[in-house]
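The structure appears right after this line, and notes come after that.
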Amino acid sequence: MKLLLTILFIFILPKECNNMTSNLTALQERQDTITITYEAVSRGFFEEISVSNNSFSICNDLNRKEYKTYECSEKDWSESLELLSKINIQELPKLVAPTSMRQYDGAAHATLIIKDGDNKIRSNTFDHGHPPEEIKALVEKLLSFKKIAIKQ
527 MKLLLTILFI
537 FILPKECNNM
547 TSNLTALQER
557 QDTITITYEA
567 VSRGFFEEIS
577 VSNNSFSICN
587 DLNRKEYKTY
597 ECSEKDWSES
607 LELLSKINIQ
617 ELPKLVAPTS
627 MRQYDGAAHA
637 TLIIKDGDNK
647 IRSNTFDHGH
657 PPEEIKALVE
667 KLLSFKKIAI
677 KQ
């Protein structure tokens, strides 16, 4: 039995690692067409953070007239792509929010949007500050761009 499990692990684990590596490689090849956006909206509050290959922009204006654009370092963009590669993008619309504070104005409504060329995939709405576990690391990375903007 142990021998059977060992053999299975030897063949299955490398395949999973290869899938993640190939997913990251595919994203890196299309990195010029990818934009990752985080939006949070409630009464009196609006925040949009969009990250692409060379820059990121932050907008706090609900009418989207005042964007502030900053330079995105190669390291930050690579980390964002790596986190994106760990997510099954097609499953974004099916993710279930872990909390529901937004339903009684306890939190802003937040959404993650992945734009790849002409394709735009939007997650279900979740509470700002409480994303689904599957996208938590990527959302935290996107929110960290606010701190980077303050330093620039």
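First residue of the sequence shown: 527, per the working numbering; consecutive thereafter.
No residue lacks a Cβ here, since even glycine has one placed at the ideal position from N, Cα and C.
| Item | Value |
| --- | --- |
| As assigned by DSSP and simplified to three states, the class of Ile-615 | helix |
| Asn-650 vs Leu-621 beta-carbon contact at 7 Å | yes |
| beta-carbon Lys-601 near the ligand ZN non-hydrogen atom, thresh 6 Å | As far as ligands go, the structure on display features none, and thus does not contain the ligand ZN. |
| Beta-carbon proximity list for Glu-605, same chain, < 8 Å, skipping 5 on both sides | Lys-667 |
| Asn-645, DSSP secondary structure in three states | strand |
| Same chain only: Cβ atoms within 6 Å of Thr-595, ignoring 5 sequence neighbours per side | Ser-581, Ser-583 |
| C-alpha gap between Asn-586 and Leu-618, whole angstroms | 24 Å |
| Assigned secondary structure, Lys-672 (DSSP; H/G/I helix, E/B strand, else coil) | helix |
| Spatial distance of Arg-628 from Pro-658 (CA atoms) | 14 Å |
| Own chain partners of Val-567 with C-beta closer than 7 Å, once the 5 adjacent residues on each side are dropped | Ala-634, His-635 |
| Where Lys-594 sits in the DSSP three-state scheme | strand |
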